[in-house]
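Undergrad: Please find one structure pasted underneath; my questions will follow.
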Amino acid sequence: MALRDKQGRPLVAVTGMGVVTSLGQGKDDTWAALTAGQSGIHRIERFPTEGLRTTIAGTIDSVDVEPFCAPMLSERLAMLAGEEAVGQSGLASSDFPGALFIAVPPVEMEWPQREALAEASGQGGEVTYKDLLKAAATGRFKPWHDLFIFGTVADRVADRFGTRGSPISLSTACSSGATAIQLGVEAIRRGETDAALCIGTDGSVNPESLVRFSLLSALSTQNENPEGASKPFSKNRDGFVMGEGGAALVLENAESAMARGAKILGYVLGCGEKGDGFHRTRSSPDGMPAITAIREALTDAGLAPDDIDYINAHGTSTPENDKMEAMSCTAVFGERMANLPISSNKSMIGHTLTAAGAVEAVMSLMTIGTSRIAPTINYQVPDPAIPLDVVPNVARDASVNYVLSNSFGFGGQNTCLVFGAEPKLMY
Amino acid sequence: MRDVVITGVGLVSSAGEGLEAHLTALAGGTPNTDAASFEPFPVHPAVTLEWDRQIPKKSDQRQMEPWQKLGCYAAGLALDAAGAKEDAALKGRMQLIVSAGGGERDYAVDGQILTGLRQADNPGVFLNERLMGDLRPTLFLAQLSNLLAGNISIVHGVTGASRTFMGEESSGVDAIRIARERIASGQDDIFLVGGSYNAERPDVLLIYEMGSFLWKKPYTSVWERPAQGGGMILGSGGCFLVLESREHAAARGAKPLAAIAGVASDRSRRQPGSVEGALHGLSRQLGAKPDVVISGATGIKGITDEERAALKDITPGAAIHATGDLVGHTMEAQAPIGVALAAGLIAGGQAGEALVTSIGHWRGEGAIRLTKA
Chain F
457 MALRDKQGRP LVAVTGMGVV TSLGQGKDDT WAALTAGQSG IHRIERFPTE GLRTTIAGTI
517 DSVDVEPFCA PMLSERLAML AGEEAVGQSG LASSDFPGAL FIAVPPVEME WPQREALAEA
577 SGQGGEVTYK DLLKAAATGR FKPWHDLFIF GTVADRVADR FGTRGSPISL STACSSGATA
637 IQLGVEAIRR GETDAALCIG TDGSVNPESL VRFSLLSALS TQNENPEGAS KPFSKNRDGF
697 VMGEGGAALV LENAESAMAR GAKILGYVLG CGEKGDGFHR TRSSPDGMPA ITAIREALTD
757 AGLAPDDIDY INAHGTSTPE NDKMEAMSCT AVFGERMANL PISSNKSMIG HTLTAAGAVE
817 AVMSLMTIGT SRIAPTINYQ VPDPAIPLDV VPNVARDASV NYVLSNSFGF GGQNTCLVFG
877 AEPKLMY
Chain R
2 MRDVVITGVG LVSSAGEGLE AHLTALAGGT PNTDAASFEP FPVHPAVTLE WDRQIPKKSD
62 QRQMEPWQKL GCYAAGLALD AAGAKEDAAL KGRMQLIVSA GGGERDYAVD GQILTGLRQA
122 DNPGVFLNER LMGDLRPTLF LAQLSNLLAG NISIVHGVTG ASRTFMGEES SGVDAIRIAR
182 ERIASGQDDI FLVGGSYNAE RPDVLLIYEM GSFLWKKPYT SVWERPAQGG GMILGSGGCF
242 LVLESREHAA ARGAKPLAAI AGVASDRSRR QPGSVEGALH GLSRQLGAKP DVVISGATGI
302 KGITDEERAA LKDITPGAAI HATGDLVGHT MEAQAPIGVA LAAGLIAGGQ AGEALVTSIG
362 HWRGEGAIRL TKA
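Chains as they are written, first to last, in this note's numbering: chain F, 457 to 883; chain R, 2 to 374.
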């Protein structure tokens, strides 16, 4: 088999994967739950929910960190996923021979820390930032500088795995995880490195981040039955459910992976992206940017639309996304879209935001590896406007060689990845 | 590998608007400093800008907080300077990498909530109710790191695709590094790269004051501060660069200011001597022989002295300018601003080769080598 693609670039193999979601820790447990159609969405117990419109999420409650805050949890989830992925790859566990690309949620100080500063200031009347600054000057809060700056999660993960060079922390909103993989693929193709550790992580379900999405009317408010709230592609879908997760992929130049006898789990064959300048939260009505991103990913992979066996959907369960995604896929795949399986992992784990593209990349490769497609659960009321084979409610056995994974985000972000069991043979 | 050249610079800061204003300021004088607004913390405030000139729609301006407006404005200036502003097709395939932190908070709301939390019977519920009631719904979009890129796509039509890098100073160096590599390898032809920073914000002052990184005396040169305890003065500003392959620039008749000969970045485990060692390493990696250095020195004790010592060894004869003494420390925008100034000096014939340094206040070391186009 040729170890370069049609454009003469090194093939990019996946040799390790790790994941943690609200369904479990490790890709095997998570995959078993996903293919059993289980939901990880539940009532939020981490903080009081009275006064909120949405009181459910796919939080990960089994992981303890101190102090409890988004950067600490995100770091821990990245570590857990990274350890599983690097462990599976067989590469050195703390001397990783390549770069780190990590999608992290934008961090900032949280309310417990602001309250501690307010208290330390001794201000008995109206609290202002002047008081918080006064408390900061005591030097008692020094570790919080490191904790709440943007590069810290990446720095600690880079320390843990001994990755090379300057780690890249990135955000492309809800397509961040896919962008982390894309950056790794590109670095290997350019020959800068033979290995890349690509991670997406998000542990940011806290009151303020939930309220922010809530105020944009992005979240499902169907709180009565948490497991049933995320309903991608259903007519009664009413928003996404926030989820937490971490996922890691070890990418390697296929030639060096084979030379060291690594087991290859699949290939990242193509990446496509396109910006959208239409609106901050809505996509172009003609779907052109998403359509372009899908086509670019297929072209980059050297595949035709007919080669794709399954689409791992962005499928957030918002009225807007699912309609736009269905329209864009139909534009690319044509009539075949009526029978091409497309399912959304988010129906079970919610929208893991910054991590989603990486979590769903792992699930796409699990689909290839196990010849089984995870379902879209909660599909009780089909939307006649978007007739799709969403693999409703029950997993399905199928031979899957090529998967398209879609990721779309606020700010005009559209990133699509194509995974394959093998590269398509060249003639 | 293809040569990568700079064909447009957009720059705003406390020193003014545009590259020329900054080169004039670089030639002499002291920076514009506001010692009163955030006393005891001096900041270098952005000059007043006529936003309409680069962000024509008021509705767009209303959706942005100052950090985004500074960046969006600077991006528009860069597109103008590169002769790309009116070319919709070119902007439609132009790639974008932004180095960004996060956006402003609503300080009044934060204060009211903190005041109320003290007496609240049920603090958790009080917090929920106040956040739901008092946060402006669109404020989130002004806070999200990747929405500076989103606004540039909307306002200026730069829609190849965007990626936002985070991680303080390093993100600025790595944004330029990755853009350069993608052009050099032939993956893409043209990029808009840069970042912006608003220093006139109590929440960012708070983060750096917690870490004891801020200078609390009247403005003094970054090189003089370590002897008096050291510290940085944050500055507001934005800088974007149009980078493209030499062939692409020539084909569209764009005149390069300078070439980016190399970008190197790493992170050392900080201990005495590590920054000095890192700078020697980066300089060797780049084969740097500059006659001018644009330093991103912060004024922080230890690392500033180490940088000065390293630069003395590396470039004994070179003129050394610190961006901190011109516009203050602009965090994610600091490396792009250094590159813009270096490109301006080279284009004006005042330098043949320049080295831009970026030693992060807490982590990350980077350097960029510019040569004549």
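We put the beta carbon where it would ideally sit given N, CA and C, even for glycine.
1. Any contact between the stretch 853-860 of chain F and the stretch 823-839 of chain F? By contact I mean 3 or more CB pairs, one from each, below 8 Å.
2. Would you mind giving the Cβ-Cβ distance between Gly867(F) and Ala150(R), rounded to the nearest angstrom? I have them listed as a contact below 8 Å.
3. Kindly confirm or deny that the stretch 355-370 of chain R and the stretch 286-299 of chain R touch, where touching means at least three C-beta pairs closer than 8 Å.
4. Would you mind telling me which residues of chain F sit closer than 8 Å to Met133(R), beta carbon to beta carbon, in chain order?
5. Short of 7 Å Cβ to Cβ, which residues in the stretch 573-587 of chain F face chain B?
6. How would you write the range of the alpha helix (DSSP H) that Leu589(F) sits in, first residue to last?
7. Which residues bound the alpha helix (DSSP H) around Val340(R)?
8. What's the C-alpha gap between Lys586(F) and Ala593(F)?
9. Can you check whether the C-beta of Asn199(R) is within less than 8 Å of a C-beta belonging to chain F?
10. What residues in its chain sit with their C-beta under 7 Å from that of Glu564(F), if we drop five residues either side in the sequence?
11. Where does Arg181(R) fall in DSSP's three states?
12. Let me know the secondary structure DSSP gives Ala355(R) once reduced to three states.
13. Which residue's Cα is closest to the Cα of Lys691(F): Arg738(F), Gly743(F), Ser773(F), Ala715(F)?
14. Residues bridged to Asn862(F) by DSSP?
15. Assuming Leu142(R) and Arg736(F) are in contact, meaning their beta carbons sit under 8 Å apart, how far apart are those beta carbons, in whole angstroms?
16. For the 8 Å Cβ check, are there 3 or more pairs between the stretch 225-243 of chain R and the stretch 330-345 of chain R?
17. For Ser549(F) and Ala811(F), I'd like the C-alpha separation in whole angstroms.
18. Quick one: what does DSSP say Pro775(F) is sitting in, helix, strand or coil?
19. Report yes if the C-beta distance between Ala555(F) and Thr677(F) is below 8 Å; otherwise report no.
20. Using only the alpha-carbon positions, how far apart do Gly876(F) and Cys654(F) sit?
21. Could you compute how far the alpha carbon of Thr139(R) sits from the alpha carbon of Gln64(R)?
22. Taking the C-alpha atoms as reference points, what is the distance between Gly168(R) and Phe606(F)?
23. For Ala652(F), which beta-bridge partners are listed by DSSP?
24. Could you name the residues that DSSP lists as bridge partners for His601(F)?
25. Whole angstroms are fine: how far does the CA of Ser670(F) sit from the CA of Arg509(F)?
26. Mind listing, in chain order, the continuous alpha helix (DSSP H) runs of no fewer than 4 residues lying wholly within the stretch 700-764 of chain F?
27. Examine chain R for any beta-carbon lying closer than 8 Å to the beta-carbon of Gly868(F), and answer yes or no.
28. Taking the alpha helix (DSSP H) that His157(R) belongs to, which residues open and close that run?
29. Using a Cβ cut-off of 8 Å (strictly closer), state whether Tyr883(F) contacts chain R.
30. Using a cut-off of 9 Å between C-beta atoms, extract the partners of Glu664(F) located in chain R.
31. With which residues is Arg828(F) paired in a DSSP beta bridge?
32. Please list, in chain order, all residues of the same chain as Ser803(F) whose beta carbon is under 6 Å from its beta carbon, the five residues on each side excluded.
33. Of the residues Leu759(F), Ala760(F), Gly865(F), which one's Cα is nearest the Cα of Glu781(F)?
34. Please classify Pro227(R): does DSSP put it in a helix, a strand, or coil?
35. Hey, how far is the Cα of Arg460(F) from the Cα of Glu66(R)?
36. Could you confirm whether any beta carbon from chain F is found closer than 8 Å to the beta carbon of Leu356(R)?
TA: On the basis of the coordinates in this document:
1. At 8 Å Cβ cutoff, the stretches touch.
2. Right, the Cβ-Cβ distance comes to about 6 Å (below 8 Å), so this counts as a contact.
3. The stretch 355-370 of chain R, when compared against the stretch 286-299 of chain R, does touch it at the 8 Å Cβ threshold.
4. Chain F residues near Met133(R): Gly507, Leu508, Arg509, Val667, Ser670, Leu671.
5. Of the protein chains in this structure, namely F and R, none is chain B.
6. From DSSP, the alpha helix (DSSP H) with Leu589(F) extends over 585-592.
7. Residues 335-348.
8. About 11 Å.
9. No, Asn199(R) does not count as interfacial toward chain F.
10. Answer for Glu564(F): Phe604, listed in chain order.
11. In the three-state reduction of the DSSP assignment, Arg181(R) falls in the helix class.
12. If DSSP states are grouped into helix, strand and coil, Ala355(R) belongs with the strands.
13. Considering only Arg738(F), Gly743(F), Ser773(F), Ala715(F), the residue with the shortest C-alpha distance to Lys691(F) is Ser773(F).
14. In DSSP, Asn862(F) forms a bridge with Cys872(F).
15. Between Leu142(R) and Arg736(F) a beta carbon distance of about 5 Å is seen, short of the 8 Å cut, so the two are scored as contacting.
16. Judged by Cβ distances under 8 Å, the stretch 225-243 of chain R makes contact with the stretch 330-345 of chain R, as three or more pairs qualify.
17. Take the alpha-carbon of Ser549(F) and the one of Ala811(F): they are about 22 Å apart.
18. Secondary structure at Pro775(F): helix, using DSSP grouped into helix, strand and coil.
19. No, the Cβ-Cβ distance between Ala555(F) and Thr677(F) is not below 8 Å.
20. Here the alpha carbon of Gly876(F) sits roughly 18 Å from the alpha carbon of Cys654(F).
21. Distance between the alpha carbons of Thr139(R) and Gln64(R) is about 7 Å.
22. The alpha-carbon atoms of Gly168(R) and Phe606(F) are separated by roughly 5 Å.
23. In the DSSP output, where bridge partners are listed per residue, Ala652(F) has Ala555(F), Leu707(F).
24. Beta-bridge pairing links His601(F) to no other residue.
25. Whole-angstrom Cα-Cα distance: 7 Å.
26. Fully enclosed alpha helix (DSSP H) runs of 4 or longer: 710-715, 744-757.
27. With 8 Å as the cut-off, Gly868(F) counts as an interface residue toward chain R.
28. Note, His157(R): alpha helix (DSSP H), 148-157.
29. Any answer about Tyr883(F) is weak, because its pLDDT of 45 lies below 50 and its placement is not dependable; what the coordinates show is given next. Not closer than 8 Å to any Cβ of chain R, the Cβ of Tyr883(F) fails to qualify, so no.
30. Simply Leu128, Leu132, Leu136.
31. Answer is Asp853(F).
32. Once the five neighbours on either side are set aside, the close Cβ partners of Ser803(F) are Ser686, Pro688, Thr832, Ile833, Asn834.
33. Closest by alpha carbon: Gly865(F).
34. Pro227(R) falls in the helix class under three-state DSSP.
35. A straight line joining the alpha-carbon of Arg460(F) with that of Glu66(R) spans about 46 Å.
36. False, the Cβ-Cβ gap to chain F never drops below 8 Å.
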